Amino acid sequence: MVQIKTHKEKKTRKAKAKSTLFAAISTNVFTKVLTLRSAKEVWNYLKEEYEGNDRIRGMQVLNLIREFELQRMKESETIKEYQDRLYEIANKVRLLGTKFPDSRIVEKILVTVLERYEASITTLENTKDMSKLSLAELMNSLQAQEQRRLMRQEQIVEGALLARHQEGGKHKKNTERKTQVTSAANSSNTHTRGKGRKSKKDYPPCQYCEKKGHPPFRC
4 MVQIKTHKEK
14 KTRKAKAKST
24 LFAAISTNVF
34 TKVLTLRSAK
44 EVWNYLKEEY
54 EGNDRIRGMQ
64 VLNLIREFEL
74 QRMKESETIK
84 EYQDRLYEIA
94 NKVRLLGTKF
104 PDSRIVEKIL
114 VTVLERYEAS
124 ITTLENTKDM
134 SKLSLAELMN
144 SLQAQEQRRL
154 MRQEQIVEGA
164 LLARHQEGGK
174 HKKNTERKTQ
184 VTSAANSSNT
194 HTRGKGRKSK
204 KDYPPCQYCE
214 KKGHPPFRC
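Below, the structure written as structure tokens:
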């Protein structure tokens with residue numbers, strides 16, 4: 004009974020291990036390992052396919068380091084996005100069993116950041132020992148300068164929008180004033196013409212010819 008129970012537990016663990024491996028891989032990889040019967044066979048296949056031997060791992064490390072050295076910061080990205088991109092490559096190198104210290108990431112950032120961060124780097128060079136500078140200290144300094152720069156840009160944009168809004172309001176008031184003056188003038192001319200026509204028709208009968216439409220002294 005003990006042997007039967009132990010055998011069932013081993014079978015259950017193997018089945019759980021196999022199902023866990025199936026749940027962790029993508030659909031494309033799943034079709035490749037679907038025919039393998041045991042969890043050990045699935046694991047050996049994945050290990051050989053993606054980890055490889057020492058020679059394959061060495062080539063992968065060299066390719067990743069070459070990719071790391073070619074990285075440059077883009078104008079459109081923030082310092083945090085650039086650091087995350089470098090850190091992702093460094094973690095891939097570490098997963099392959101090769102040491103990759105943070106000091107290499109610090110050196111890479113110091114050399115390849117954009118010119119707008121030169122002020123912060125100069126301050127760090129004057130106040131810190133660059134050989135002992137940590138990645139966290141470097142990122143805090145560069146992010147602080149980046150935030151100040153973004154705040155200044157927002158203030159400039161808000162000032163420009165406010166000035167444009169005020170200018171638009173003045174233009175609108177001037178246009179409304181001109182429209183009111185024009186309307187008043189047209190109304191006055193219309194009233195005057197209408198009044199003239201009306202007064203002409205309202206003349207009483209002439210005392211000489213007994214006709215309307217003219218004053219007596221015009222007769």
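For the sequence shown, the numbering used here begins at 4 and goes up steadily by one. Don't be surprised by glycine CBs; every beta carbon is placed ideally from N, CA and C. Just so we're clear, the structure is a prediction, and the values are computed from it rather than from any experiment.
Alpha carbon of residue i to alpha carbon of residue j, nearest angstrom
i: residue 18; j: residue 95; result: 30 Å
i: residue 135; j: residue 77; result: 27 Å
i: residue 30; j: residue 37; result: 10 Å
i: residue 169; j: residue 153; result: 24 Å
i: residue 52; j: residue 127; result: 45 Å
i: residue 5; j: residue 41; result: 24 Å
i: residue 84; j: residue 70; result: 16 Å
i: residue 49; j: residue 11; result: 26 Å
i: residue 159; j: residue 151; result: 12 Å
i: residue 28; j: residue 15; result: 20 Å
i: residue 62; j: residue 99; result: 10 Å
i: residue 102; j: residue 8; result: 45 Å
i: residue 130; j: residue 73; result: 29 Å
Residue i - DSSP class collapsed to helix/strand/coil
i: residue 81; result: coil
i: residue 10; result: helix
i: residue 102; result: coil
i: residue 213; result: coil
i: residue 68; result: helix
i: residue 22; result: helix
i: residue 208; result: coil
i: residue 74; result: coil
i: residue 145; result: helix
i: residue 4; result: coil
i: residue 28; result: coil
i: residue 220; result: helix
Sub-8 Å separation of residue i and residue j beta-carbons
i: residue 82; j: residue 149; result: yes
i: residue 32; j: residue 39; result: no
i: residue 218; j: residue 211; result: no
i: residue 146; j: residue 112; result: no
Option nearest residue i by Cα separation, candidates the options
i: residue 119; options: 79, 101, 139 and 73; result: 79
i: residue 141; options: 155, 98, 156 and 105; result: 105
i: residue 89; options: 50, 34 and 68; result: 68
i: residue 60; options: 124, 97, 113 and 75; result: 97
i: residue 93; options: 47, 66, 214 and 207; result: 66
i: residue 75; options: 222, 114 and 157; result: 114
i: residue 43; options: 58, 139 and 22; result: 22
i: residue 133; options: 57, 110 and 208; result: 110
i: residue 143; options: 155, 124 and 156; result: 124
Quick check on the DSSP output: what are the complete alpha helix (DSSP H) runs of length 4 or more inside the stretch 106-140, in order along the chain? For the alpha helix (DSSP H) assignment, the uninterrupted runs of no fewer than 4 residues enclosed by the stretch 106-140 are, from N- to C-terminal side, 121-130.
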